[in-house]
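Asks:
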Amino acid sequence: LYSLLNGDTKSKWHEQMFFMYDSGPVWIPPSTKHRRIGHLSDEDDRHSNDDQATDVSSSEAEEEAERRQDALPRDALGARARERLERRIRRVQGLERGAIADAMMFAIDHAHAADEVVDVICRAILDPEALPLDRLGKLLLVSDILHNSSAQVANAWRLRQAFELRLSEIFGELARVFRAIDARLRAESFRRQVLGVLAVWQAWMMFPEDRLQSLAAGFTKL
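The sequence shown begins at 1187 in my numbering and counts up one residue at a time.
Shown next, in the form of structure tokens:
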């Protein structure tokens, strides 16, 4: 209802996250691409799902073969899995929810290698060539992973633990990017979205409240 009152329609809407009211919770709209997918015929959808399942099955078999051949330790990601993860993270451009969801599911499925998974994601956020909007997309990826880190999946909790060790590094870089944005409106949008993620984490009780407040204060400090 809120989006309809602000000019959106049932078939087309803005995809950027926003606040319905000051200091309120952040709302992240679904991707319009998901709507278009729903218009595929049953036959097209079935073929698409079959092709995707075949690709995933083949890639997972290659990962397992590499693991056996190289005698990789259980907590290692492996070259093939790392390449697949990096490819998914590169697809996270802007706030496209489909790409974020795909990368999130891959990370959860590979939680046994939590330290490596988190390192790959953090490298993407810290990349000096990354655009501000792409960094926000990857921050939402971090948030989605954290939200699902309590799932009944082996080692999923380790992702939260690994991210906690990198929070200061992540938000320190986001603060640097925020201060470097010249356009006032774009800077304000970036600020609100980063603080919105921290507010969501506080609502989820994801990390100690004083830690989150410290991150927020450091991000906004001039």
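We put the beta carbon where it would ideally sit given N, CA and C, even for glycine.
1) How should Ser1354 be labelled, buried or exposed, when 16 other C-beta atoms within 10 angstroms of its C-beta is the threshold for buried?
2) I'd like to check one pair, Arg1268 with Glu1302: are the Cβ atoms closer than 8 Å?
3) In whole angstroms, what is the alpha-carbon distance linking Arg1260 and Ala1247?
4) To the nearest angstrom, report how far apart Phe1349 and Ala1369 are at their CA atoms.
5) Checking 8 Å against the spacing of the C-beta atoms, do Ile1294 and Ile1331 come in under that value?
6) Considering only the alpha carbon of each residue, which of Ile1307, Ala1297, Phe1376 lies closest to Arg1344?
7) Within this structure, are the beta carbons of Leu1327 and Gln1379 separated by less than 8 Å?
8) Measuring CB to CB, does Arg1309 end up less than 8 Å from Phe1292?
9) How close, in whole Å, do the beta carbons of Leu1398 and Trp1387 come, if the pair is a contact with beta carbons under 8 Å?
10) Can you find the residues in the same chain that come closer than 7 Å, C-beta to C-beta, to Leu1401, ignoring five residues on each side of it along the sequence?
11) Going straight from the alpha carbon of Val1363 to that of Pro1318, what length do you get?
Replies: Concretely, from the data shown:
1) Translated into the one-based positions of the sequence shown, residue 1354 becomes position 168. Exposed.
2) For the purposes of this step, residue 1302 is taken as residue 116 along the sequence shown, with counting starting at 1. For the purposes of this step, residue 1268 is taken as residue 82 along the sequence shown, with counting starting at 1. The answer is yes: Cβ separation under 8 Å.
3) Here residue 1260 refers to the residue found at position 74 of the sequence shown. Here residue 1247 refers to the residue found at position 61 of the sequence shown. Spanning the two alpha carbons is a distance of roughly 16 Å.
4) Sequence index remark: in the sequence shown, residue 1349 carries index 163 (1-based). Sequence index remark: in the sequence shown, residue 1369 carries index 183 (1-based). So the alpha carbons of these two residues sit roughly 30 Å apart.
5) As a working note, residue 1294 is residue 108 in the sequence shown. As a working note, residue 1331 is residue 145 in the sequence shown. The answer is yes: Cβ separation under 8 Å.
6) Numbered from its first residue, the sequence shown carries residue 1344 at position 158. Of the candidates Ile1307, Ala1297, Phe1376, the one whose C-alpha sits nearest the C-alpha of Arg1344 is Ala1297.
7) The sequence position of residue 1327 within the sequence shown is 141, counting from 1. The sequence position of residue 1379 within the sequence shown is 193, counting from 1. Against a cut-off of 8 Å, the Cβ pair of Gln1379 and Leu1327 comes out as no contact.
8) Stepping through the sequence shown from its first residue, residue 1309 is reached at position 123. Stepping through the sequence shown from its first residue, residue 1292 is reached at position 106. Not in contact: Arg1309 and Phe1292 (Cβ atoms no closer than 8 Å).
9) Residue mapping note: residue 1398 aligns to position 212 of the sequence shown, counting from 1. Residue mapping note: residue 1387 aligns to position 201 of the sequence shown, counting from 1. Right, the Cβ-Cβ distance comes to about 6 Å (below 8 Å), so this counts as a contact.
10) Residue numbering aside, residue 1401 sits at position 215 when the sequence shown is read from its first letter. These residues qualify, in order along the chain: Leu1353, Phe1357, Leu1384.
11) Against the sequence shown, residue 1363 aligns to sequence position 177. Against the sequence shown, residue 1318 aligns to sequence position 132. Roughly 7 Å between the two C-alpha positions.
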